[in-house]
Structure formats: C-alpha cells, structure tokens
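Numbering (our numbering), first residue to last: 50 to 328.
Note that CB positions come from ideal geometry on N, CA and C, so glycine has one too.
Keep in mind it's a predicted model, so treat the numbers as computed, not measured.
Listed below in structure tokens is the structure:
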C-alpha cells in the first residue's frame, strides 16, 4: 500500500478536506472495482458520486467508511486515515446504506436509542438528542410508532436521523431515495439540505437519479469502470455538453454512451426488494 496521507493540521481534522483519496484502489480477484482514484471533497460540500451499476460507487463508499480495506492507495476522512485510524474515522462519520437499516419491530424512538448506545452518546444526553432528531426529521408525532407502520419516506428520514445522532462531520448516503415516490424523495432532500445548513455536515451521495444529483450537489464525479470519467459542478458539466443539456446527457456522454440496463440479477433483486419494503 502507498504511504499514508500527510497528517492533518489539527488533531481533530479541522482544516483538512472532508474526504481526500490518493490512488485508492480495490481489486476483487481479477476485477478492479476502483482504480487509483484521486478525489478531494471540501468540508461542507454536498458531493455526488455517479456512475452505472458496477462503476465502483458503493465499493468506494465501503472503503471510505472502513467497511472494506483498499487493495492499495489510501484516504483520509475528516482528517483521519482509513487504514491507520479506522476507529477515529468511524467516530466522525454517518452512513445511510442503500438497504434498509432500521428495525421494523422497534419504534422509531427505540431505533434511535439503539443508535445512541452504539455511538456511546452519554446517557444524560440521549433523550434530548433523540427528541431533537425526531423533531428535526419531522417524526416527532410518530416516534413511538412501530417502524413497520411507517411510510418509505418516514423510514428514510428515520435512518438519516440514526446516522446523524452523534453529529458526524461527514455523512455518506448510498442511494438514499431509491424506491421513494416524488413527494417522499423531495421530503428527504429538504431534510438533507437543512442538516447541511444547520450543522455544516459534509455529504457524499451516490445516486442513479440525475435530477437528484442536479438538485442537491455542489459538485459531482462520474465514475466509469472504476475510474473518474469527469468531475465538476452540474452547471459546468451540462454547459460542456451543450446548450439545454441535462445531467442525463452528461451521464451518457461520460459513460461511453451505453444504456445501463440494470446490473446483475442479484443487484436487481436487491434494489427491487428495498423499493418494495419502502412503499
């Protein structure tokens, strides 16, 4: 593996980028899922990571959240090295996976209490943090209801609340609105914008929804076959393609013009299962 990145300016990572990778690579046998990726995400940014199924987006997030070790290269998240300081990284991040993470057999409040224990939030602060999170996410009146009775949008908002309970510096969102109807999707967008505005949270989002990327992201990187195809603001990328271009046009231009037909059988089954449970 390459040498760790330079130490951050301050011990808590302030002054360093939210995410900085150097030659980050992950191989699975003969497949290179992420190929020598260099990426910098500034603090407070809302950053989009786009690409077809199999482009390496989720593998990238799994490495940055310390769930998967890189084959080579390294990265810092909130100033801490994912290889040398994984515990410090995990203390400073939140993660909303594509698949459901809330327990349907518990209430929203009980799910948040479990998260508070996992994040070692002091006992005296837990109730206040949970009440605040439920209110902020628009779930104050539903907090004592079983999650199995929640709508898809409510579940996603609860999962965002779980990921933000310890007030992380960086929030990773892996297709957070998959399977949601337009109203629920926009409700999640609004909450994410408010989180960023109130807490200055840096956010890294993966999505196949080009409208979502255009609406939320300051900058985006489009990945293709494990590499960076292009990076820039949505406005810059659309202007480079042509007048009246959309993010769909940008995506097609930089992923070889191939139409994504939905990935493997396992990927389709997983996504449809998530969508079905979120209805």
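Fewer than three beta-carbon pairs drawn from the segment 161–177 and the segment 121–134 are found closer than 8 Å, and the two stretches are therefore not classed as touching. Taking every protein chain shown into account, the CB of residue 300 has 16 or more other CB atoms within 10 angstroms, so this residue is buried. Ranked by how close their Cα comes to the Cα of residue 242, the residues 229, 220, 189 and 258 have 220 in first place.
The DSSP-derived three-state label of residue 281 is strand.
In the DSSP assignment, residue 68 forms a beta bridge with 90 and 126. Straight-line measurement puts the Cα of residue 136 at about 21 Å from the Cα of residue 162. Look at the beta carbons and you see the segment 93–112 touching the segment 239–257: at least three pairs across the two are nearer than 8 Å. If you compare the alpha carbons of 130, 182 and 215 with that of residue 171, the shortest gap goes to 215.
Judged by beta-carbon spacing, residue 114 lies beyond the 8 Å limit of residue 90, meaning their Cβ atoms are not closer than that value. Taking 8 Å as the upper bound for CB-CB distance, residue 84 and residue 74 are in contact here, some 6 Å apart. Every beta strand (DSSP E) of 3 residues or more that sits fully in the segment 139–215 is shown, in chain order, as 142–145. Across the structure, residue 196 and residue 186 are spaced so that their CA atoms are roughly 14 Å apart.
The beta carbon of residue 156 sits closer than 8 Å to those of 192, 193, 194, 195 and 196, all from its chain and outside the five residues before and after it, given in chain order.
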